[in-house]
Every structure is written in structure tokens, then in C-alpha cells.
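Participant: Structure provided below as C-alpha cells; questions to follow.
There are 4 protein chains.
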Amino acid sequence: MHGPTAILLLSCPDQLGLVAKLANFVFANGGNIIHADHHRDFEAGLFLSRIEWQVEGFNLRREVIGPAFEGIAKPLDADWQVHFSDERPRVAIWVTKQDHCLLDLLWRQQAGELNVEIPLILSNHEKLRPVAEQFGIAFEHVPITKETKQAQEEKQLELLAQYEIDLVVLAKYMQVLSDRFLAQFPNVINIHHSFLPAFAGAKPYHRAYARGVKLIGATAHFATPDLDEGPIIEQDVKRVTHRDDVDDLIRKGKDLERMVLAQAVRLHMQRRVLAYRNRTVVFA
Amino acid sequence: MHGPTAILLLSCPDQLGLVAKLANFVFANGGNIIHADHHRDFEAGLFLSRIEWQVEGFNLRREVIGPAFEGIAKPLDADWQVHFSDERPRVAIWVTKQDHCLLDLLWRQQAGELNVEIPLILSNHEKLRPVAEQFGIAFEHVPITKETKQAQEEKQLELLAQYEIDLVVLAKYMQVLSDRFLAQFPNVINIHHSFLPAFAGAKPYHRAYARGVKLIGATAHFATPDLDEGPIIEQDVKRVTHRDDVDDLIRKGKDLERMVLAQAVRLHMQRRVLAYRNRTVVFA
Amino acid sequence: MHGPTAILLLSCPDQLGLVAKLANFVFANGGNIIHADHHRDFEAGLFLSRIEWQVEGFNLRREVIGPAFEGIAKPLDADWQVHFSDERPRVAIWVTKQDHCLLDLLWRQQAGELNVEIPLILSNHEKLRPVAEQFGIAFEHVPITKETKQAQEEKQLELLAQYEIDLVVLAKYMQVLSDRFLAQFPNVINIHHSFLPAFAGAKPYHRAYARGVKLIGATAHFATPDLDEGPIIEQDVKRVTHRDDVDDLIRKGKDLERMVLAQAVRLHMQRRVLAYRNRTVVFA
Amino acid sequence: MHGPTAILLLSCPDQLGLVAKLANFVFANGGNIIHADHHRDFEAGLFLSRIEWQVEGFNLRREVIGPAFEGIAKPLDADWQVHFSDERPRVAIWVTKQDHCLLDLLWRQQAGELNVEIPLILSNHEKLRPVAEQFGIAFEHVPITKETKQAQEEKQLELLAQYEIDLVVLAKYMQVLSDRFLAQFPNVINIHHSFLPAFAGAKPYHRAYARGVKLIGATAHFATPDLDEGPIIEQDVKRVTHRDDVDDLIRKGKDLERMVLAQAVRLHMQRRVLAYRNRTVVFA
Chain A
0 MHGPTAILLL
10 SCPDQLGLVA
20 KLANFVFANG
30 GNIIHADHHR
40 DFEAGLFLSR
50 IEWQVEGFNL
60 RREVIGPAFE
70 GIAKPLDADW
80 QVHFSDERPR
90 VAIWVTKQDH
100 CLLDLLWRQQ
110 AGELNVEIPL
120 ILSNHEKLRP
130 VAEQFGIAFE
140 HVPITKETKQ
150 AQEEKQLELL
160 AQYEIDLVVL
170 AKYMQVLSDR
180 FLAQFPNVIN
190 IHHSFLPAFA
200 GAKPYHRAYA
210 RGVKLIGATA
220 HFATPDLDEG
230 PIIEQDVKRV
240 THRDDVDDLI
250 RKGKDLERMV
260 LAQAVRLHMQ
270 RRVLAYRNRT
280 VVFA
Chain B
0 MHGPTAILLL
10 SCPDQLGLVA
20 KLANFVFANG
30 GNIIHADHHR
40 DFEAGLFLSR
50 IEWQVEGFNL
60 RREVIGPAFE
70 GIAKPLDADW
80 QVHFSDERPR
90 VAIWVTKQDH
100 CLLDLLWRQQ
110 AGELNVEIPL
120 ILSNHEKLRP
130 VAEQFGIAFE
140 HVPITKETKQ
150 AQEEKQLELL
160 AQYEIDLVVL
170 AKYMQVLSDR
180 FLAQFPNVIN
190 IHHSFLPAFA
200 GAKPYHRAYA
210 RGVKLIGATA
220 HFATPDLDEG
230 PIIEQDVKRV
240 THRDDVDDLI
250 RKGKDLERMV
260 LAQAVRLHMQ
270 RRVLAYRNRT
280 VVFA
Chain C
0 MHGPTAILLL
10 SCPDQLGLVA
20 KLANFVFANG
30 GNIIHADHHR
40 DFEAGLFLSR
50 IEWQVEGFNL
60 RREVIGPAFE
70 GIAKPLDADW
80 QVHFSDERPR
90 VAIWVTKQDH
100 CLLDLLWRQQ
110 AGELNVEIPL
120 ILSNHEKLRP
130 VAEQFGIAFE
140 HVPITKETKQ
150 AQEEKQLELL
160 AQYEIDLVVL
170 AKYMQVLSDR
180 FLAQFPNVIN
190 IHHSFLPAFA
200 GAKPYHRAYA
210 RGVKLIGATA
220 HFATPDLDEG
230 PIIEQDVKRV
240 THRDDVDDLI
250 RKGKDLERMV
260 LAQAVRLHMQ
270 RRVLAYRNRT
280 VVFA
Chain D
0 MHGPTAILLL
10 SCPDQLGLVA
20 KLANFVFANG
30 GNIIHADHHR
40 DFEAGLFLSR
50 IEWQVEGFNL
60 RREVIGPAFE
70 GIAKPLDADW
80 QVHFSDERPR
90 VAIWVTKQDH
100 CLLDLLWRQQ
110 AGELNVEIPL
120 ILSNHEKLRP
130 VAEQFGIAFE
140 HVPITKETKQ
150 AQEEKQLELL
160 AQYEIDLVVL
170 AKYMQVLSDR
180 FLAQFPNVIN
190 IHHSFLPAFA
200 GAKPYHRAYA
210 RGVKLIGATA
220 HFATPDLDEG
230 PIIEQDVKRV
240 THRDDVDDLI
250 RKGKDLERMV
260 LAQAVRLHMQ
270 RRVLAYRNRT
280 VVFA
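Protein chains in written order, with numbering that gives the first Met the number 0: chain A, 0 to 283; chain B, 0 to 283; chain C, 0 to 283; chain D, 0 to 283.
Laid out in C-alpha cells, this is it:
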């Protein structure tokens, strides 16, 4: 519809004229803005913005955009990133034994919904290797025990470097990532099988059943060292009744998990998500 | 459509032939069943049932139904209740300062949705007295302080007796009921302004905002001595975004609260709710 | 949080630099933008925009903003409006006999959710006069028959002029407005009790029941001469089952209707809705 | 949890004592009922029922249950079916070129969610043969032109006989089945990509976009000679905004379609669906 685009994500302390400054930068260089959305967090005193414009007709070459924009961003004390819609980020999907989120992501990638490359599936078990083979994707088996965890995380980091991974998606990967790991590779999205903050931690469906809730949920969030406490990207719920036992909750939850995770990955890969102070702005 | 009905709610240890026993009791006495629903909780080893039949044509007079049924219930070791659809339970609505749940219940009662009498509004503040006056309902002001709480609960119990109240609906009543109170008057439905068990306790919207959730919720439950831990009758959620501040959450939450509370009261007053072991069966 | 604001709604043929032009107009005059959202309809070749900025600190007096902006708007061939958040539009609510949408709007107005004045309730029946009296609002009874319709519409238009009405909300007003009327007073929001375009026209719940649908809906839209064909502002649905007869659909639908209508009125009164070519952009 | 079960689905003219008659039949033969649900359609004067009991301990051999029950059913003028939960119905999935519903059903079947065999995929195109091969399922290519339609339907019927198919699922099969075909093989579930009755017929997403709706839907229904008019089993909707163009509607719709179709197939294969007079009872 409109060819490749450049996307600017920015946050900075609030002040007068920010929308004009950003729009002028694009316009002055001949850019045609196709999406511009802004948010003010009055409590935090922050301005957050997403601007997307067509690459075609823009007078700055891609590699010059960043340096050119730095002149504007610096005095604003801004955090910012520029992405291009035709650059396909490289995603590693991490799994344990359940395949539903994995299959859903792979199918959406094939259907063109996600705009990513998926060069690597990593697991602490061998079980899902056949899925990787079927889709022609490398599969790395990195088993974890309490004793080997630190060493194996080193190996995981090496694999992420080797496969040039931009984003890790924990698609029902049933291991906690250490602070150390996340400090070195912070770009991680996790799906938790509950409506956080309800039922953080282990066995959420069993606990939801025990509590007698009438809705179950799923939450996609950025992973942080505090387990299940990272910035939430997307959540959804599904109705359950007294007829649903734990197995039904698990089955119904699978649909939630794959929908919510796919939506979060899609939004993030379209560069619509800005995380700050343990929350997100989603420019959808 | 079908005149007044008798409704039997029953729970008992599971065994063979329970549906037949109940249906035969009704049929043998000439009753026409218009709703029959049953649930087996395999984990708890319990059978739970709701049967509703037309009073017209039933050969047992109302006051005889209970004694007659006791002959069947006793050997089953059953808990049971019989209600009649044309008996309108007497409900007291308790409030503090917010009027949205109160107004919604009063409007539904007037519109014929709830099948109850509402002879009493009780509050620890004077603020909503004009609403009571406008609807021609008695208003009792029972202020509570830490020091007076026990004495005032005595007064509340007296008022419930005086007004012959069957059910108390806490429609944003911002006080905790004591164990002692609930031991004497256990039939209480509360609305909590969160998706329990998330954000139990005080200021759920503020905490939901602080956590950065993407959905807010409301929960109607039977009150028990464990605050916000009683059997859940109904829950629902509403989507929020980064544009919603705490005031927006509160505003959106009001709609949730009144819908969820009204639905719970309606279901309970239609005798569709059976609470057991901190959960509910809702025969909807 | 941020004092009164000015809101600019604009649509014009798409061209380069529009976001910059608008933002610069605000910035050049010292305005602090608190919301800016834009949409491009590529198919229609249109740019649509909403910009909101604080009045405090803005260098143009209110009455000068329009003339000043005209200099920018003219060459763009733009349709535009400027509103102020502290100007409360005057709304007339039109009803027939059902009170649920009316009461809901009146409650919300009292609760400060709607930011409007409601000086007039108009009806073709006397039934809801007591509601108007209770809320201290003028009630005008304008009965309609086939023969009197044209004359009575004249009277309606006079009343709208007399009460200085900005927006008519048809809150279950069961009469069709003529083309002639709408040509003279086009600012009308209607609630239709179905998920349009399903069940346009009369008796939607009866037809929904007859069709055996599993969800019912409600639709708020701007009224146009083509009945139930105007630009849709908001829609929602609710689940129904085989247990729900027509009366249950009507009862459940009432909740839908009042939620959907209130949301549409709120969005419109916050100047978040731009209608064009039989559709709307909702800058929410 | 409870071993194989027998399931009785029955509809008959309403009369006294039906629940008792059915429950007694099960109880008299030693059966343990694990689910019993009934519905009265007062308007149609019909009683509809589903009873499920454990095969273990039941005194009648499977092949005798039918003949034994006929003695009860005949005087009631009842339509009835008996199924067994461990008999896996044989399903043929029909597709054209889109794979999302097909893949979703195949995954669910592999995951044990559907309790069916899927021995056959039939298509009027070759495109999805690789999917069939990957899952080890027979693929029959039956191209259709206006001229060949009647002959090819003969071939389709032969294939259904040859593969002993119990149920055809039209998983985005973009051809209309003739009255003749449906007369010979009436057990067909279709997914229509709209919220019926809105946008029946061709190109529903394009028409939904053109109308400017705020929700899109999907409908699973039994196929009947009247296109898109058959009894509805399940429907659901998803929110869309002005930012969504037709491609977005199609993408979002895919998730709806696969969820709604899978749910309908699951409910039907659990023998929870009774169709009558162009509507369904879903004993869920």
C-alpha cells in the first residue's frame, strides 16, 4: 500500500513543541507521515511518541537518519530508536514441551502476519525437535539443571549471538531466566498463563480452579528479573464455568495463550510498543 | 409464560440414581419440570442439582413440599432448599458514598429484572439518603468507627431482623464485616472492584494502574470472614489502554461493577447459585 | 489534570507535511499539545486529524483561533472544527416509552462522565415526564401521527432552536426522522438495538430470536435519511443461549443499548469522532 | 476421569414426566448419569434433552441400548440418537485455498481436543495437498466448474461413502453445496466469515469494511440448502477500528474463524448440539 517505512519510537521529559519538532524533522526531509501517535504520562512527566513515514521520497539515506536525528534528540534528553518496516527482526522461539504457541507463531510467520525471521527454536527438551525440522528451522537443545544453569545460560547467549537474534519469545518455556542473562539479553517476551497479577508463578490453572474463578486469562509481557512482574503488553480472558475442570482450563487457556502471545509479538515487531517504568504504551 | 414455580437446590454425596430420585419426586406428585440441571464435582465427590417445576398442577401444597422431600433427602445426607418464584426475597442494599451500583439495582428492581423487594438501604454515611427518599425506601444511617464497630454491628443485625431481610447486598460498602456478624447473618453478596484474586483489598484501581494491566475487572462473591476470598458468583473485565489514568479506570470500572453485581444478585435471586467449598455452581 | 483544552478536528485531501503544519500552528502560538492523533484513509485519499492542546499559555484568544487557523485550512481545502473542553454542549434526549437509556445518560451526566448540559427531554408520549421532573429537566411532549408528522417536526425544530440544542440523542425514540428534518438538524445520534447491518428496521430482538443467533448486539450511529445506515460510532454484543427467549433478549439488550449509546455520546462530546463517507474515525 | 460414556440426545413434544422417564431408564439399568440437561421450547411445544452416563456398570450392552430405549421413545413420538464417547466420528475437512481453519483443526485433533478421526481432506484445488501429506491424511482433489458440478458432487458423495465419513466440515470451502447433495449427506458444518445474518453471501469482509462496522464476526452453522441460513452453532466477534483496512479484517477474521469453527466441531462431536427448526440447543 505504501512501501517500506521508517519508524521512530521516542520518549523524553515532557516539554512544549515536541510534536512539532518531530513532525518538522520528517517534513523538512521530505517524509510522508503515515502514522503518528503520542502519549503524555502526566504523572511521570514523560512524552512518548511513535512516528512512521515512507522511506520513498525521504531525503536522508537510512544510515544517516540516526545521526541526523541525534541533533534533535540530544537536547531533549530523549531515548529513541529508528526501525525500518522492511528489516525483518530475527526471532528465537524458546519452548519446553508444549507446542501450541510455537505452532501458532510459525503458522503466522508463514502466513505473513509477523514480519520476522525465525531462524532458531531453542528448548530444554528434545520433544519439539520434529516441529523445527518440519518447518526447516534450526533446533538447539539446551537442557537445564540447577547445577548447569549458569553454564547453559552462557551457551544460550552464545547461540543468540551466533544466530544474530534480536528477540527471544518464551513460548511456554518453563524455566526462569536469571538476572545475569537478562542483563546481557534484555529483549525477551514471555507468555504467562494467567491474568497477571493473579496467579503469578507456578501452576496458575490449578490455582485458578482451586479459587473458583469465572474467567481465566493470559498475559504477554517483557521478561524482567522479577518473575511475572515485567511490563505487560497484552492480556485477554475467557469465560469458564463450574463444568470446566483443570484440564478444561488448560485447554481453553491454550487458545488464550497463543492469541495473546502472537498479538504481543506482532505489536512489538511493528514497533508499536514502548516499555517504560514497568508499563507499556501500545500505539495500536 | 408458565406461572409460579418451585425450585429445589440440593447438594449431597454422589451416588447412583440421584437424577431419577429427584425427577420422580416431582413427577410422582404431578409436577411439570421446566428446568433441571445437575453437576458432579468428581474431585469433591459431590452431586449438585437444581430442579424447577410449575406449582400449578403439583399435588403437594407448598408448606408440605419440604416435609415430604425430607424423606428423600435424609437418606442421601443432602443439603437442600426449596424456594418459590413468586416469593420475593427482601434485600437490603448497603452503601457508603458511591451511588452507581445502588441506582442500577434500584432501576432493575423497578424494571422487574430482579424479583426482589428492597425495603432497606443502609449506609455508614448520610450521603445517599436522598436516593432512598426518591425511591421511597427506608434509609438507616449506621456510622462505624473502630471503637463503635461491634456495637454498630449489633444494631445492623437488629435492623436486618426488623426489616425481615433475606439478603444483604454490599453495593460498594467500604467496611469489612466481622466474623461475628457473618456468623449470624451469612447471606451477603459483595462486589469487589477487581478481577479477584488480583488486587484483593484496598485501592484496586490504583494498584491496577500502577501494575500497568491491560484489562480491569470486577468480581461479585459471597462475603466470608476472609476478605475478598468468598465463593465467586460472577466476574467480568473491560479493556483499558495507556491513555486511561486512574480516574478512567474508576469510571470504566463503575460499569463493570454494576453489571457484575446485578447479574450476581439476579442469578442468586433466581436460585441458580449453589456455593460449596469456596466455589459456586451457577445453573444458568 | 491539565485545565481546559482546545480541540481541532480536521479532514482534508492527503498531502505532505500535514502533521507538521498542524503541530506548528499550535506550537508557534505557545500551545502545549496533550493529544494528537491522525489517520490516513488511503482508499479515499483523505487525511483526518485530532489535536488537543491546553488553552492556558496559548497566545491566541479563543475567538481568534478560528480565523487564525483559517489561513492554514483554506489552502488545504480542509473541513475543520475547533471546540473547547470547558464548553458544555447542550443535548436533547428524545425518548418514547423505554427509560433505560434515558436514565443511564442522566446518571452519567450527574456523575460528570459526559461533560454536557441536558436541558430538554422530548417524547412522542407522556410516559417519561416524571423522569424529567425528577431530574429537573424540561419535558416537551410532541405526539406524532402520520398526518401530523411534518407539522410536528417543525415544532421539534423550533424546540431545538429555543433550547439551543447542539446534539439530539435518540435514546430509544421509536420514530423515523424525515430527510427534511435531518437536513435542517443533522447532528443526531441514534441507538439501534441490533448489531447493524444485521436486523436493521423493526423488532430486531424478535428477528434475532427467530434466526437463532448466539450473540445479540447494539449499534450507536449518526442518524441519516437512510434508516439504520448512518456512520457507526460504537457497537457491542452480548452472548445469548437457547435458554433466552425474546424477553431475555430484550432485557440483555437493554444493558447493551445503554452502554453503547453512552459510550458513543461520550466519545462524540469529547470530540473524538469524525464522520465521513458513511464511516467514522474514532480517535480514542 | 470417568471412562467411556453413552450419550442420549432426544427431542419430542412436551409432556409431563419426561425427565423422570429418561432418568429412570438410565437408573433402572444401573447407569450413573454424569451430565443431564434439558430444555423446553415453550413456543414450539418441544422438550429437548441430553443425558450422558457411564458405560461401565450399565447393564445393557451397547447394541441393545437403542432397541431397549425405542420402547420408551416410540410412545413419546421422540427423535433420538445414542452415541458413545469412545467412538470417534470420521470427519472430512473440505477446503479451497486457505489453510488456517484446516491447520487449526488438525492441530486440535493431534492435541486430543476433538475426539475425531480425520481420514480425508477434500478440495476443489490442489494447493493444500502438502498439508494433507504432512499430516498423513488422504487428499482428494475434486475440481468444480459450473458444468461439472453435478457430476463432481456424485464423486464427492462416493468419496464420503468410501471413507465412511460421518461429518463434513467446510473449513473455508468456497463452493455452495446443492440441495441434492445435502439431501443425501446432511451432516455438514460450515464456517461463514461474518456475524450472520449480517453479510451473508460473498466477500463479507469487504462489505463489513465498506459499512464501517466496529466489530467483525464469524458464524459456524449447519449447512442447509438456503445459503448461510442454517442453524447457528456458535458465533463470536472481534473489535476493529478505523485503522483496520480490508486486509486487517481478513487477518483478524482468520482467528475468529478458526476459533469459532473448532468450538462448533468440538461441541457437535461431544454430542452437545441439537438442531431443530433452524436453531440449535447447545447443551454446554
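Using N, Cα and C, we set each Cβ at its ideal position, and we do this for glycine too. Because the structure is a prediction, the values reported are computed rather than measured.
(1) Run down chain B in chain order and give the residues with a C-beta less than 8 Å from the C-beta of C:E112.
(2) Return the chain-ordered ranges of every alpha helix (DSSP H) run that is complete within the segment 37 to 98 of chain A and spans a minimum of 4 residues.
(3) Grouping DSSP H, G and I as helix and E and B as strand, with all else coil, what is B:P12?
(4) Just the Cα atoms here: how many angstroms apart are D:H124 and D:V259?
(5) If distances are taken between C-alpha atoms only, which option among B:L17, B:A263 and B:A137 comes closest to B:Q161?
(6) Is A:D36 close to chain C, meaning its C-beta is less than 9 Å from at least one C-beta of that chain?
(7) Please report the residue range of the alpha helix (DSSP H) in which C:E116 lies.
(8) Within 8 Å, do at least three Cβ pairs link the segment 273 to 283 of chain C to the segment 66 to 78 of chain D?
(9) Buried or exposed: where does C:A182 fall if 16 or more other Cβ atoms within 10 Å of its Cβ makes it buried?
(10) By DSSP, does B:F138 sit in helix, in strand, or in coil?
(11) What are the start and end residues of the alpha helix (DSSP H) that includes A:Q234?
(12) Give a yes or no on contact between the segment 18 to 26 of chain B and the segment 257 to 272 of chain B, applying the rule of three or more CB pairs nearer than 8 Å.
(13) By alpha-carbon positions, which one of A:S177, A:T4, A:P230 and A:D178 ends up nearest to A:I64?
(14) Could you pull the DSSP bridge partners for B:H220 from this structure?
(15) Does the beta carbon of B:Q269 come closer than 9 Å to any beta carbon on chain A?
(16) Go through its chain and collect everything with a Cβ distance to B:G29's Cβ below 6 Å, but skip five positions before and after it.
(17) Counting only beta-carbon separations shorter than 9 Å, does B:H99 have a partner in chain D?
(18) Determine whether the Cβ of A:K213 lies closer than 9 Å to any Cβ atom of chain B.
(19) Does D:H241 get closer than 9 Å to chain B when you measure Cβ to Cβ?
(20) Just to confirm, is the Cβ distance from D:H140 to D:L159 under 9 Å?
(21) Taking the straight line between their C-alpha atoms, what separation do you get for C:E153 and A:F83?
(22) Check the Cβ of C:Q155 against every Cβ in chain E and list those closer than 9 Å, keeping chain order.
(23) Roughly how many whole angstroms lie between the Cα atoms of D:P88 and D:A67?
(24) Residues of the segment 155 to 182 of chain A in Cβ contact with chain D at a cutoff of 7 Å, in chain order, please.
(25) How far does the beta strand (DSSP E) with D:A274 in it extend, from its first residue to its last?
(26) Using a Cβ cut-off of 9 Å (strictly closer), state whether C:F194 contacts chain D.
(27) Measuring only between beta-carbons, confirm whether C:A19 sits less than 9 Å from chain A.
(28) Kindly confirm or deny that the segment 166 to 178 of chain D and the segment 89 to 109 of chain D touch, where touching means at least three C-beta pairs closer than 8 Å.
(29) Which of helix, strand or coil does DSSP assign to D:R278?
(30) Is the CB-CB distance between D:A22 and D:A35 below 9 Å?
(31) If you measure from the beta carbon of D:A131 to each beta carbon in chain A, is any gap under 9 Å?
(32) Count the other CB atoms, across all protein chains shown, that sit within 10 Å of the CB of C:Q109; report buried if there are 16 or more and exposed otherwise.
(33) Taking B:S230 as the query, report the chain A residues whose CB atoms sit under 7 Å from its CB, ordered along the chain.
(34) Specify the secondary structure class of C:H267 as computed by DSSP and reduced to three states.
(35) Report the start-end ranges of each alpha helix (DSSP H) in the segment 147 to 192 of chain B that is 4 residues or longer and not cut off at the edges.
(36) In or out: B:R61 buried (at least 16 other Cβ within 10 Å) or exposed?
Facilitator: By the coordinates alone:
(1) R250
(2) 61 to 75
(3) strand
(4) 24 Å
(5) B:A137
(6) yes
(7) Looking at the DSSP string, C:E116 is not in any alpha helix (DSSP H); the run it does join, the beta strand (DSSP E), is E116 to S122.
(8) no
(9) exposed
(10) strand
(11) Here A:Q234 belongs to no alpha helix (DSSP H); instead the beta strand (DSSP E) covers I231 to R238.
(12) no
(13) A:T4
(14) B:N189 and B:I231
(15) no
(16) G56, F57 and N58
(17) no
(18) yes
(19) no
(20) no
(21) 58 Å
(22) Absent from the structure: chain E. Protein chains present are A, B, C and D.
(23) 23 Å
(24) none
(25) V272 to Y275
(26) yes
(27) yes
(28) yes
(29) strand
(30) yes
(31) no
(32) exposed
(33) A small fix is needed here, since residue 230 of chain B is Pro in this sequence, not Ser. G211, listed in chain order.
(34) helix
(35) 148 to 161 and 178 to 183
(36) exposed
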